[in-house]
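There are 2 protein chains.
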Amino acid sequence: MRSSDFLTDIVIGMSDGLTVPFALAAGLSGAVASNSIIVIAGIAEIAAGSIAMGLGGYLAGKTELDHYNTELKREYDEVEKIPEKEKEEVKVFFANIGLSKDMQEKAAEEISKDKKQWVDFMMKYELGLDKPDPKRATKSALNIGLSYAAGGLVPLSPYFFTDTPVQALKISVVLTLLCLFIFGFFKSRITGINPWLGALRVTLIGAVAAGAAFGVAKLFEA
Amino acid sequence: MRSSDFLTDIVIGMSDGLTVPFALAAGLSGAVASNSIIVIAGIAEIAAGSIAMGLGGYLAGKTELDHYNTELKREYDEVEKIPEKEKEEVKVFFANIGLSKDMQEKAAEEISKDKKQWVDFMMKYELGLDKPDPKRATKSALNIGLSYAAGGLVPLSPYFFTDTPVQALKISVVLTLLCLFIFGFFKSRITGINPWLGALRVTLIGAVAAGAAFGVAKLFEA
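Keeping their order, the protein sequence lines are chains C and R.
Per the working numbering: the first sequence = residues 2 to 223.
Per the working numbering: the second sequence = residues 2 to 223.
Encoded structure:
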């Protein structure tokens with residue numbers, strides 16, 4: 002499970018990192034004459050995007066953990082202070098899934114015999130909260146941020162080694178669409194959908210975003 | 002609920018739209034001398050980002066719906082063809098939440114009396130899948146994409162009306178941090194965390210991303 006979480010972060014960060022910097026570079030290629038401006042814009046976007054994704058993900062993870070702990074404390078309090086009301090909520094759950102009146106009573110009695118078991122049940126099935134891994138947020142943020150940066154360098158790399166944006170764009174398009182296809186394939190396998198269809202979708206999003214950015218930038222050409 | 006979903010999309014799209022184009026424009030302001038290049042890069046980024054977010058969100062929603070329907074069909078099949086194995090899975094659920102052997106049997110019998118109720122139970126508690134709203138994906142994609150674009154125009158707008166990037170950047174920083182704070186506040190209220198703390202976090206991410214983009218772009222200055 003841990004290696005699959007790691008893989009998910011990498012693939013998500015990288016496929017997003019491939020898309021937006023690619024579209025930005027493509028868009029600028031239609032509107033400016035110098036590679037160095039595209040490199041600067043690309044590097045700035047990669048820095049911005051990876052920090053926004055990484056730090057955003059970290060804070061979201063921390064928020065989720067805070068939220069879980071607050072609710073956990075509250076459930077322990079409620080089980081202590083208003084056990085009858087809490088038992089009623091357990092019964093409502095069993096009523097909703099279709100158990101008979103008699104069974105609702107008995108099941109609620111059994112669940113509430115053990116306080117930890119009772120609170121775990123309330124957290125998961127009344128509130129729909131799974132216990133978050135406290136170390137996951139940091140690792141995940143780092144993985145996603147770095148993968149975004151690594152992904153972003155793919156579409157940008159041809160602009161380092163060519164003389165004009167048009168030359169670079171041709172290499173960038175081939176290279177990036179190929180990478181998007183490969184990452185779309187693995188991303189789809191991880192999320193359990195048809196990998197060929199998924200790869201096509203991811204590639205298509207990249208191509209449409211790049212095409213639109215190219216068109217729009219051309220309208221505002223310097 | 003529907004108006005709150007709408008609000009969530011708007012706030013998410015807009016606070017992301019404020020962050021990345023802001024950082025890109027700030028980064029370029031430290032490295033290029035002309036407003037028009039920043040405007041073109043910003044517009045290209047906004048087009049790329051809103052399409053990537055919008056279309057990405059739409060396809061994710063469609064994938065989720067496909068996945069749900071495939072699993073639903075499979076559960077109906079399994080309940081029909083291998084009812085004993087499926088009943089065993091219901092028992093495992095009740096064992097995990099802490100019911101006694103005897104209660105596991107009885108509860109599984111009651112759940113499996115009605116096929117729709119049985120399948121709904123398996124979908125939700127064996128597979129952890131909630132029925133997705135089929136129209137939600139399209140609406141959500143549109144709302145997020147457009148809000149991203151609207152958010153992105155805030156940090157970019159000063160570059161339309163000023164003569165140099167440095168002038169524009171000053172107005173952009175004040176305007177965008179203010180908007181990030183306001184949107185962070187509402188975003189936090191929606192997700193149920195302390196709104197002042199949340200507003201501060203969102204503003205901080207924007208400021209750090211913009212600062213990093215500025216610093217990195219300066220290193221690669223044309």
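We put the CB at the ideal spot given by N, CA and C, even for glycine.
These numbers were taken from a predicted model, which means no experiment stands behind them.
Mind pulling the chain R residues with CB within less than 7 angstroms of residue i?
| i | result |
| --- | --- |
| Gly28 of chain C | Ala45, Ala48 and Ala49 |
For residue i, which of helix, strand or coil comes out of DSSP?
| i | result |
| --- | --- |
| Leu73 of chain C | helix |
| Thr9 of chain C | helix |
| Met2 of chain C | Per-residue confidence for Met2 of chain C stands at a pLDDT of 40, beneath the threshold of 50, marking its modelled position as unreliable; no derived number is given. |
| Gly212 of chain R | helix |
| Pro135 of chain C | coil |
| Ser35 of chain R | coil |
| Glu222 of chain C | coil |
| Phe129 of chain C | Inspection of the sequence shows that residue 129 of chain C is occupied by Gly rather than by Phe. Residue state, collapsed to three classes: coil. |
| Thr165 of chain R | coil |
| Ser113 of chain R | coil |
| Leu181 of chain R | helix |
| Leu100 of chain C | coil |
| Gly18 of chain R | helix |
| Gly58 of chain R | helix |
| Ile1 of chain R | Residue numbering for chain R in the displayed model covers 2 to 223; residue 1 of chain R lies beyond these limits and cannot be assessed. |
| Gly224 of chain R | Not covered by the structure: residue 224 of chain R. The range shown for chain R is 2 to 223. |
| Ser30 of chain C | helix |
| Leu158 of chain R | Checking the displayed sequence, the identity of residue 158 of chain R turns out to be Ser instead of Leu. It is coil, neither helix nor strand. |
| Asn195 of chain R | coil |
Which residues in chain C sit within 8 angstroms of residue i, going by Cβ to Cβ distance?
| i | result |
| --- | --- |
| Leu128 of chain R | Here the premise fails: no neighbours, minimum Cβ distance about 11 angstroms. |
| Gln118 of chain R | Ile98 and Gly99 |
Of all the options the options, which has the alpha carbon lying nearest to the alpha carbon of residue i?
| i | options | result |
| --- | --- | --- |
| Val203 of chain R | R:Ser16, R:Lys82 and R:Ile172 | R:Ser16 |
| Ala211 of chain C | R:Ile11, R:Ala26 and R:Ile47 | R:Ile47 |
| Ala142 of chain C | C:Asp78, C:Leu220, C:Glu79 and C:Gly58 | C:Gly58 |
| Lys86 of chain C | C:Leu157, C:Phe182, C:Trp119 and C:Leu100 | C:Trp119 |
| Lys219 of chain R | C:Ile41, C:Ile11 and C:Gly28 | C:Ile41 |
| Ala76 of chain C | C:Lys63, C:Gly152 and C:Glu90 | With the sequence shown as reference, residue 76 of chain C is identified as Glu, and Ala is not the correct amino acid for it. Comparing Cα-Cα distances from Glu76 of chain C to each of C:Lys63, C:Gly152 and C:Glu90, the minimum goes to C:Glu90. |
| Val217 of chain C | C:Asn97, C:Pro166, C:Glu110 and C:Leu25 | C:Leu25 |
| Phe162 of chain C | C:Ile13, C:Phe23, C:Leu179 and C:Ser37 | C:Ser37 |
| Ile206 of chain R | C:Gly152, C:Gly62, C:Ser158 and C:Met54 | C:Met54 |
| Arg137 of chain C | C:Ser51, C:Gly18, C:Leu66 and C:Val33 | C:Leu66 |
| Ala213 of chain C | R:Ser113, R:Ala34, R:Leu56 and R:Ser35 | R:Leu56 |
| Ala34 of chain R | R:Tyr160, R:Thr177 and R:Asp131 | R:Tyr160 |
| Thr177 of chain C | C:Thr165, C:Val167, C:Ala208 and C:Trp197 | C:Ala208 |
| Leu157 of chain C | C:Leu147, C:Asp164 and C:Ser173 | C:Ser173 |
| Ile83 of chain C | C:Ser113, C:Leu60 and C:Thr64 | C:Ser113 |
| Leu147 of chain C | C:Trp197, C:Gly193, C:Lys171 and C:Ser51 | C:Ser51 |
| Cys180 of chain C | C:Asp164, C:Gly129, C:Pro166 and C:Leu154 | C:Leu154 |
| Pro166 of chain R | R:Ser101, R:Phe122 and R:Phe215 | R:Phe215 |
| Thr64 of chain R | R:Lys117, R:Glu81, R:Pro135 and R:Ala96 | R:Pro135 |
| Lys117 of chain C | C:Ser101, C:Asn97 and C:Lys74 | C:Lys74 |
How would you list, in chain order, the residues of chain R whose beta-carbon sits under 8 angstroms from the beta-carbon of residue i?
| i | result |
| --- | --- |
| Leu100 of chain C | Ala108, Glu111 and Ile112 |
| Ile194 of chain C | Thr64, Asp67 and His68 |
| Leu60 of chain C | Arg202 and Ile206 |
| Val209 of chain C | Ile52 and Leu56 |
| Arg33 of chain C | Checking the sequence shown, residue 33 of chain C turns out to be Val, not Arg. Those are Ile38 and Ile41, listed as they occur along chain R. |
| Ala213 of chain C | Ala48, Ala49 and Ile52 |
| Leu8 of chain C | Under the 8 angstroms cutoff, chain R gives no residues; its nearest Cβ is about 18 angstroms from Leu8 of chain C. |
Given a cut-off of 8 angstroms on the beta-carbon distance, is the pair residue i and residue j in contact?
| i | j | result |
| --- | --- | --- |
| Phe94 of chain C | Glu127 of chain C | yes |
| Val21 of chain R | Ala200 of chain C | no |
| Pro133 of chain R | Gly185 of chain R | no |
| Ala109 of chain R | Met104 of chain C | no |
| Asn195 of chain R | Ile11 of chain R | no |
| Tyr149 of chain C | Gly28 of chain C | no |
| Glu111 of chain R | Lys92 of chain R | no |
| Ser30 of chain R | Ile39 of chain R | yes |
| Ile191 of chain R | Thr9 of chain R | yes |
| Asp78 of chain R | Gly99 of chain C | no |
| Asp131 of chain R | Lys140 of chain R | no |
| Gly18 of chain C | Ala169 of chain C | no |
| His68 of chain R | Gly129 of chain C | no |
| Phe187 of chain R | Ala32 of chain R | no |
Below 7 angstroms on C-beta distance, what does residue i contact in chain C?
| i | result |
| --- | --- |
| Phe221 of chain R | Val40, Ile41 and Ile44 |
| Thr20 of chain R | Ala53 |
| Val217 of chain R | Ile44, Ala45 and Ala48 |
What in chain B is Cβ-close to residue i, meaning under 9 angstroms?
| i | result |
| --- | --- |
| Phe122 of chain C | No chain B appears in the structure shown, which is made up of the protein chains C and R. |
In chain R, which residues lie with their C-beta within 9 angstroms of the C-beta of residue i?
| i | result |
| --- | --- |
| Leu154 of chain C | Correct list: empty, because the minimum Cβ distance to chain R is about 13 angstroms. |
Using a Cβ cut-off of 7 angstroms, which residues of the stretch 103-115 of chain C contact any Cβ in chain R, in chain order?
Of all residues in the stretch 103-115 of chain C, the ones placed with a Cβ closer than 7 angstroms to any Cβ belonging to chain R are Met104, Lys107, Ala108, Glu111, Ile112 and Asp115, in chain order.
With 9 angstroms as the C-beta to C-beta threshold (strictly closer), list the residues of the stretch 155-177 of chain C near chain R in chain order.
Listed in sequence order: no entries.
So if I threshold CB-CB distances at 9 angstroms, which residues from the stretch 137-153 of chain R count as touching chain C?
Residues of the stretch 137-153 of chain R with a C-beta less than 9 angstroms from any C-beta of chain C: none at all.
Output, in sequence order along the chain, the residues in the stretch 73-92 of chain C whose CB is closer than 7 angstroms to any CB in chain R.
Hits within the stretch: zero.
Quick one, which residues of the stretch 179-193 of chain R are near chain C if we go by CB-CB under 9 angstroms, in chain order?
Residues of the stretch 179-193 of chain R with a C-beta atom less than 9 angstroms from some C-beta of chain C are Ser189, Thr192 and Gly193, listed in chain order.
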